[in-house]
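Asker: Residues 202 to 499 in the working numbering are what the sequence shown lists, from first letter to last.
Using N, Cα and C, we set each Cβ at its ideal position, and we do this for glycine too.
Remember, predicted model here, so these are calculated numbers, not experimental data.
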Amino acid sequence: MLKNLIEQTINGLQTGSIYALIALGYTMVYGIVKLINFAHGDILMIGAYLTFIAVSNGMPLIIAILLSIVFCAILGVVIDFFAYRPLRNAPKISALITAIGMSFLLESVALIIFGATPKVIDQKYIPGFLSDNKKLNLGVVQISMLTIFVIVVTIICMVALNLFIKKTKLGKATRAVSQDTGAAQLMGINVNKTIAITFAIGSGLGALGGALYAIVYPQIEPYMGMLPGLKAFIAAVFGGIGSIPGAMVGGYVLGLLEAYVKGSFLTTWANPIVFGILILILIFKPNGLFGKNMKEKV
202 MLKNLIEQTI NGLQTGSIYA LIALGYTMVY GIVKLINFAH GDILMIGAYL
252 TFIAVSNGMP LIIAILLSIV FCAILGVVID FFAYRPLRNA PKISALITAI
302 GMSFLLESVA LIIFGATPKV IDQKYIPGFL SDNKKLNLGV VQISMLTIFV
352 IVVTIICMVA LNLFIKKTKL GKATRAVSQD TGAAQLMGIN VNKTIAITFA
402 IGSGLGALGG ALYAIVYPQI EPYMGMLPGL KAFIAAVFGG IGSIPGAMVG
452 GYVLGLLEAY VKGSFLTTWA NPIVFGILIL ILIFKPNGLF GKNMKEKV
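1. Please work out which residues of its chain come closer than 6 Å, Cβ to Cβ, to E497, disregarding the five sequence neighbours upstream and downstream, and give them in chain order.
2. If Y220 sits next to A433, beta carbons under 8 Å apart, how far is it from one beta carbon to the other, in whole angstroms?
3. Ignore the nearest five residues each way along the sequence and tell me which others in Q380's own chain have a CB closer than 6 Å to its CB.
4. Kindly examine the ligand NAP and report whether one of its heavy atoms sits closer than 7 Å to the Cβ of M229.
5. Within 10 angstroms of the Cβ of N238, are there 16 or more other Cβ atoms? Answer buried if so, exposed if not.
6. Mind checking whether N212 and A460 have CB atoms under 8 Å apart?
7. Assuming G277 and A436 make a contact with CB atoms under 8 Å, what is their CB distance in whole Å?
8. Considering only residues of the same chain and omitting the five flanking positions on each side of V378, which have a CB-CB separation below 6 Å?
9. Under 8 Å by Cβ, that's how I've got Y250 and I421 pegged, so tell me the actual separation to the nearest angstrom.
10. Whole angstroms are fine: how far does the CA of Q215 sit from the CA of L262?
11. For K336, name the three-state secondary structure that DSSP assigns.
12. Less than 7 Å between C-beta atoms, sequence neighbours within five positions excluded: which residues of the same chain meet that for M193?
13. Exposed or buried, T348, counting other C-beta atoms within 10 Å across all chains shown (16 or more means buried)?
14. Check whether the stretch 435-451 touches the stretch 483-493, taking contact to mean three or more Cβ pairs, one atom from each stretch, closer than 8 Å.
15. Leaving out the 5 sequence neighbours to the left and right, which residues in its chain are closer than 8 Å to V499 when beta-carbon positions are compared?
16. Roughly how many whole angstroms lie between the Cα atoms of E208 and L339?
17. Could you please give the first and the last residue of the uninterrupted alpha helix (DSSP H) stretch that includes I314?
18. What residue range does the beta strand (DSSP E) around I344 cover?
19. On the three-state DSSP scale, how would you describe S218?
20. DSSP state of E497, grouped into three classes?
21. Can you grab the Cα-Cα spacing for the pair I264 / L455, in whole Å?
22. Taking the C-alpha atoms as reference points, what is the distance between G477 and M246?
23. Can you look up K486 in the DSSP assignment and give me helix, strand or coil?
24. Who are the near neighbours of K274 in its chain, counting only those whose CB is closer than 6 Å to its CB and skipping five residues on each side?
25. Taking the alpha-carbon of N290 as reference, which of K463, G411, G383 has the nearest alpha-carbon?
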């Protein structure tokens with residue numbers, strides 16, 4: 202019983218780390234432009250495909266992941282420039298519909314280019330220290346080095362992102378734009394540049410999440426980003442969308458909950474329970490754990 206609980210906790214932390222990475226992208230974009238970027242889950246898919254292509258052509262895994270992060274960061278900026286920037290002052294529903302349309306566009310392009318047959322990153326491309334045979338013995342259970350790698354990378358990203366937002370000049374500009382776009386412009390902040398950088402960081406994190414997801418759950422296909430993307434969105438809402446610590450906490454809580462449910466007799470109810478939680482959150486605490494109450498003048 203204890204062994205099973207510890208194993209499911211470890212699985213939950215691994216899955217939650219990936220959800221948290223994706224949720225960070227959602228929450229950063231929402232925090233600055235108040236847009237739910239539903240194409241973000243498909244950035245995960247693009248990152249997974251790019252990692253697969255790179256390692257299949259002999260590139261080391263770490264370098265492949267870095268290249269996919271850079272490419273997806275540029276892709277995020279391009280998507281913002283062509284799809285979202287022209288709608289900056291349009292009704293929110295227009296931007297939301299555009300985000301959904303962009304999601305379908307990315308999926309369709311991936312389907313045309315890569316086909317519907319799932320791709321798998323062969324174990325021979327995985328570095329030795331991340332192979333299935335490498336495990337850390339904790340007595341009661343063994344933790345794979347891959348799981349530790351995923352969790353550590355996620356924590357490093359969270360700490361780095363927090364330091365960037367709080368300590369750097371660009372991070373302060375991001376917070377200023379998030380609080381009041383008009384006042385930020387009057388203070389000389391380039392709003393479009395700041396938003397573009399936010400999209401770049403969020404998309405880069407999504408690509409990292411996609412690469413890790415493709416290694417942990419080795420099956421890459423055009424629609425692979427839909428379910429993780431939706432679950433990461435739930436994690437962001439649970440934590441308080443717009444809050445970076447909230448996205449992390451939400452990702453880990455959701456990952457642990459899903460692992461515990463799958464490890465019980467309610468295995469087939471994992472997804473209904475997760476999406477049921479979203480409904481309950483929106484009913485009883487719509488601002489999430491770390492969300493702020495926003496007052497509007499009427």
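Answerer: Taking the geometry as given:
1. Its pLDDT being 47, under 50, E497 is placed unreliably by the model, and the measurement read from it follows with that caveat. Counting only Cβ-Cβ distances below 6 Å, and skipping sequence neighbours, we find nothing.
2. 5 Å
3. There are no such residues.
4. Ligands displayed in this structure: none; no statement on the ligand NAP is therefore possible.
5. buried
6. yes
7. The pair is not a contact, with the Cβ atoms about 19 Å apart (cut-off 8 Å).
8. I233, A385, V392, T395
9. 6 Å
10. 19 Å
11. strand
12. Given that the chain is displayed from residue 202 to residue 499, the structure contains no residue 193 and the question cannot be resolved.
13. The residue in question, T348, is buried, as its Cβ has 16 or more Cβ neighbours within 10 Å.
14. yes
15. Only weak support is given to the placement of V499: the predicted model assigns it a pLDDT of 43, under 50, and the value that follows is read from those uncertain coordinates. Counting only Cβ-Cβ distances below 8 Å, and skipping sequence neighbours, we find nothing.
16. 11 Å
17. 293-315
18. For I344, the enclosing beta strand (DSSP E) covers residues 343-345.
19. helix
20. Since pLDDT at E497 reaches only 47, below the 50 mark, its modelled position is unreliable, and the value read off the structure follows with that caveat. E497 sits in coil when the DSSP states are folded into three classes, being neither helix nor strand.
21. For I264 and L455, the distance between alpha carbons rounds to 30 Å.
22. 25 Å
23. coil
24. In the sequence as displayed, the identity of residue 274 is Ala instead of Lys. Correct list, in chain order: A401, S404, G405.
25. G383
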